[in-house]
Amino acid sequence: MILRRVWRCTRRSFSSFPYNRYPLDAPNCNVPRNIAKRVGTNLHRQPQHPLGILQRRILEFWQPHGFQLYDQLSPIVSTTHNFDHLRIPSDHVSRSPSDTYYLNATTVLRTHTSAHQHELLKTGQNRFLVAGDVYRRDEIDRSHYPIFHQMEGVKIFAPHEQNLIQSELKESLEQLAEHLFGQHITKRWIDTYFPFTEPSFELEILFEGEWLEVLGCGVIHPEVLAKAGRGEQMGYAFGLGLERLAMVLFQIPDIRLFWTHDERFHRQFASGEIVRFEPYSKFPPCFKDISFWLESAFHVNDLNEIVRDVAGDLVERVWLIDDFVHPKTGKTSHCYRIAYRSMDRSLTNEEIDDLQEVVRNRVVNDLGVILR
Ligand code: PHE
1 MILRRVWRCT RRSFSSFPYN RYPLDAPNCN VPRNIAKRVG TNLHRQPQHP
51 LGILQRRILE FWQPHGFQLY DQLSPIVSTT HNFDHLRIPS DHVSRSPSDT
101 YYLNATTVLR THTSAHQHEL LKTGQNRFLV AGDVYRRDEI DRSHYPIFHQ
151 MEGVKIFAPH EQNLIQSELK ESLEQLAEHL FGQHITKRWI DTYFPFTEPS
201 FELEILFEGE WLEVLGCGVI HPEVLAKAGR GEQMGYAFGL GLERLAMVLF
251 QIPDIRLFWT HDERFHRQFA SGEIVRFEPY SKFPPCFKDI SFWLESAFHV
301 NDLNEIVRDV AGDLVERVWL IDDFVHPKTG KTSHCYRIAY RSMDRSLTNE
351 EIDDLQEVVR NRVVNDLGVI LR
């Protein structure tokens, strides 16, 4: 405990979460305190944070084309803005409380910056960017974290320019990739589906031998524009994942590092420039397994949430290592491996045993499963 205090905690920021308006113990709320307290941190607005540096680089690219930036819109949005206005069907998995943080039945922590398309289109904006924190309940590994950051872009065209939209969209985003990574980056387009664009594409870049999806985009669906009172017009939209891009650009190996308070991380970016991150250390991981018989309502994201809640940023990865159906009872058993590893110090066996014990108890109490 004492050791942990040694690292200077100059960057701690205060939560702006409106606890009075949205009590976390309300019936439909599935937002844990450790998520709520980070609302308002706004890493993307810190000029010497890799996400802030990247946001500025991206802005530099779009600003000369007349795009206006909105980077202080509240991440607390209605389900109407996050889903309905974007034609996301009422039974779509992304609406499920296993995937999305709900503050009440009709209010969520935005799952993407597309949640702001409707309101900005309604005000008559024709070229805008939205940057902000987005929230998703998800798996735990080096590139997934329940809070990450996106930058959205929208451009509306005059009626006589409509045949240009798709080609301009792809060309601009390829130029943006070159602006960020240089001429030599290898990239490819993949056809995909989003309910709010048609056609829709993803851009992937080749990084250390693997294709990495860095953005989604497409021609805005006519119904999205019509709902915002812009039915006569057409345009394009895109959404970039800032952590994904920053991990490649700055060579940051683990997404948890964006949240560290360790000065050995932050002082490397003091210049506000894109520089290669020099890992200061790599501490050993500690693995613990947990096995249990599933109850019908079990979702792995509920386990992930408990582990995050108990271990915070000490958890590096959680994954299924065994899936077994009992031949007689027909019951399913899962075994998950949890990798604990700190970004800034060595962990002791005792402290991890203590955490694992709390995880085991919470799994039984909160999820009603039976440990094996
Ligand atoms: N909102 C999409 C996502 O989060 C990305 C996107 C934005 C796709 C705009 C198309 C248009 O994955």
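For the sequence shown, counting from 1, position 76 maps to 76 in full-length UniProt numbering; every step adds exactly one.
For every residue, glycine included, the Cβ atom is placed at its ideal position computed from N, Cα and C.
Complete runs of the beta strand (DSSP E) confined to the region 80-106 [at least 3 residues] | 102-104
Out of curiosity, what's the CA-to-CA distance linking residue 223 and residue 193?
-> 15 Å
C-alpha distance - residue 156 paired with residue 189, whole-angstrom precision = 22 Å
In whole angstroms, what is the alpha-carbon distance linking residue 339 and residue 323?
-> 18 Å
Using the Cα positions of residue 236 and residue 72, report the straight-line distance between them to the nearest angstrom.
-> Cα-Cα distance, rounded: 22 Å.
Count the other CB atoms within 10 Å of the CB of residue 283; is the residue buried (16 or more) or exposed (fewer)?
-> exposed
For the beta strand (DSSP E) that residue 155 lies in, which residues bound it at each end?
-> 147-157
Taking the C-alpha atoms as reference points, what is the distance between residue 196 and residue 349?
-> So the alpha carbons of these two residues sit roughly 49 Å apart.
Taking the C-alpha atoms as reference points, what is the distance between residue 43 and residue 303?
-> Cα to Cα, residue 43 sits roughly 27 Å from residue 303.
Which same chain residues, not among the five before or five after residue 118, have their C-beta less than 8 Å away from its C-beta?
-> 81, 85, 86, 224, 227 and 228
How long is the line joining the alpha carbons of residue 367 and residue 76, rounded to whole angstroms?
-> 27 Å
Is the CB-CB distance between residue 352 and residue 335 below 8 Å?
-> no
Sorted by chain position, which residues of the same chain lie with C-beta nearer than 8 Å to residue 47's C-beta, five sequence neighbours on each side aside?
-> 53, 56 and 272
Among 362, 169, 217 and 184, the one whose alpha carbon lies nearest that of residue 305 = 362
Thinking just about the alpha-carbon of each residue, which of 344, 309 and 294 is nearest to the one in residue 325?
-> 294
Evaluate residue 249 with the Cβ neighbour count: other Cβ atoms within 10 Å of its Cβ, from every protein chain shown; 16 or more gives buried, anything less gives exposed.
-> It is buried - the Cβ of residue 249 has at least 16 other Cβ atoms within 10 Å.
Grab me the residues of residue 138's own chain with a C-beta within less than 6 Å of its C-beta, minus the 5 sequence neighbours each way, in chain order.
-> Cβ-Cβ distances below 6 Å link residue 138 to 144 in the same chain, with the five nearest sequence neighbours on each side left out; the list follows chain order.
Residue 17 burial status per 10 Å Cβ neighbour count (16 or more: buried) = Counting of Cβ neighbours within 10 angstroms places residue 17 among the buried residues, the total reaching 16 or more.
Using CA coordinates, which residue listed in 207, 233 and 120 is at the minimum distance from residue 128?
-> 120
Taking only the alpha-carbon atoms, compute the straight-line gap between residue 135 and residue 221 and give it to the nearest angstrom.
-> 24 Å
Which residue comes first and which comes last in the beta strand (DSSP E) that contains residue 339?
-> 332-340
Taking just the CA atoms, how far does residue 79 sit from residue 37?
-> 21 Å
Do you know offhand how far residue 140's Cα is from residue 111's?
-> If I take the Cα positions, the gap works out to 17 Å.
Could you give the DSSP three-state label for residue 373: helix, strand or coil?
-> Outside the shown range of the chain, which is 1 to 372, sits residue 373, and nothing can be said about it.
Which residues bound the alpha helix (DSSP H) around residue 52?
-> 50-62
Would you say the beta carbon of residue 217 comes nearer than 7 Å to a heavy atom of the ligand ATP?
-> Judged by which ligands are present, the ligand ATP is missing from the structure shown, whose ligands are the ligand PHE.
Kindly examine the ligand PHE and report whether one of its heavy atoms sits closer than 7 Å to the Cβ of residue 221.
-> no
Cβ-heavy atom distance, residue 196 to the ligand PHE, below 7 Å = yes
Among residues of its own chain, excluding the 5 on either side of residue 215, which ones have a beta-carbon nearer than 8 Å to its beta-carbon?
-> 173, 202, 203, 238, 239, 240 and 241
Return helix, strand or coil for residue 115, following the three-state DSSP convention.
-> Assigned with DSSP and collapsed to three states, residue 115 falls in helix.
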